[in-house]
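Residue numbers (the UniProt record's numbering): 1 to 123.
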């Protein structure tokens with residue numbers, strides 16, 4: 001078993017092109033023994049965004065704090081604490097926080113090549 005607290009995990013700026021005012025904490029990854037799923041904690045600060053992009057893996061997301069918008073380029077949905085969503089593989093998706101101090105959410109993804117950065121793969 002592994003137990004931790006999110007504030008004990010390094011908060012890193014998201015460096016993907018077009019991302020603004022967004023951090024990530026890798027809470028659970030192969031580095032701590034996870035074989036199937038990784039759990040990340042995102043914070044998008046006011047005015048921040050993650051532009052529309054897509055991957056060949058699914059996402060499961062749970063909004064913890066703040067309000068913002070999720071889009072697939074055709075439809076935009078407002079999210080708030082308690083909102084949850086499923087993003088299928090290859091579905092375009094982007095996030096924006098125009099008004100809240102922070103938009104904070106958990107995002108789970110499969111442990112899959114290309115989805116997990118090398119430093120989170122463990123030994």
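Beta carbons are placed, not taken as given, at the ideal position from N, Cα and C, and that holds for glycine.
- What beta strand (DSSP E) runs, 3 residues minimum, are completely inside the stretch 35-89? 37-53, 59-65, 68-71, 76-79, 84-87
- Message: Using the three-state DSSP reduction, which class does residue 20 fall into: helix, strand or coil?
- Response: strand
- Sufficient close CB pairs (3 or more, under 8 Å) joining the stretch 54-64 to the stretch 102-119: yes
- Task: Out of 116, 86, 70, point me to the one whose CA is closest to residue 96's CA.
- Result: 70
- Query: If we cut at 9 Å on Cβ distances, does residue 89 have a partner in chain D?
  - Reply: Although the question refers to chain D, the structure presented lacks it and comprises just one protein chain.
- Query: Considering residue 94, what are the terminal residues of the beta strand (DSSP E) in which it resides?
  - Reply: 93-97
- Where the beta strand (DSSP E) through residue 116 begins and ends: Premise fails: residue 116 is in no beta strand (DSSP E) and is neither H nor E.
- Task: Within the same chain, show all residues whose beta-carbon is closer than 8 Å to that of residue 54, passing over the 5 residues directly before and after it, in chain order.
- Result: 90, 91, 92, 93
- Query: CB-CB under 6 Å to residue 73, same chain, minus the five flanking residues each way: which ones, in chain order?
  - Reply: 52, 92
- Query: If you run the structure through DSSP and keep just helix, strand and coil, what is residue 120?
  - Reply: helix
- Query: Measuring CA to CA, which of 59, 39, 56 is closest to residue 5?
  - Reply: 39
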